[in-house]
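Okay, structure first, notes after.
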Amino acid sequence: MEAIDELKKEKEETGEEFDSCNIHAMGMKIGKMAEMKFNQTFETLVGISNFASKTRFHGNFLCKVKAEGK
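Shown next as structure tokens:
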């Protein structure tokens, strides 16, 4: 949720409208935030429905984000 809140704020500051259907923008924001927090590169996957992956890129990290029912 923090990534979505930050993305909304960034859009408002530039005069753009936040679109909750823009999953590409959300995925990019989440990926950048994860990389900054953990000082590691991440491959971020986003989708409009639930999915699971057994692939692990660094230890046991798993991130699932649900916002506004999406």
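The UniProt record's numbering puts the sequence shown at residues 1 to 70. Where a beta carbon is used, it is the ideal one built from N, C-alpha and C, also for glycine.
Less than 6 Å between C-beta atoms, sequence neighbours within five positions excluded: which residues of the same chain meet that for residue i?
i, result
"residue 42", "31, 34 and 35"
Could you work out which residue in the options is closest to residue i when comparing CA atoms only?
i, options, result
"residue 20", "14, 3 and 39", "3"
"residue 45", "8, 28 and 13", "28"
Work out the CA separation of residue j and residue i for me, nearest whole Å.
i, j, result
"residue 5", "residue 40", "22 Å"
Just verifying my parser: in three-state terms, what is the DSSP assignment at residue i?
i, result
"residue 4", "helix"
"residue 42", "coil"
"residue 23", "helix"
"residue 9", "helix"
Can you list, in chain order, the residues of its chain with a C-beta nearer than 8 Å to that of residue i? Leave out the 5 residues immediately preceding and following it.
i, result
"residue 74", "Examination of residue 74 is not possible in this model, given that the chain is present from 1 through 70 alone."
Can you list, in chain order, the residues of its chain with a C-beta nearer than 7 Å to that of residue i? Leave out the 5 residues immediately preceding and following it.
i, result
"residue 11", "17 and 18"
"residue 26", "3, 4, 7 and 46"
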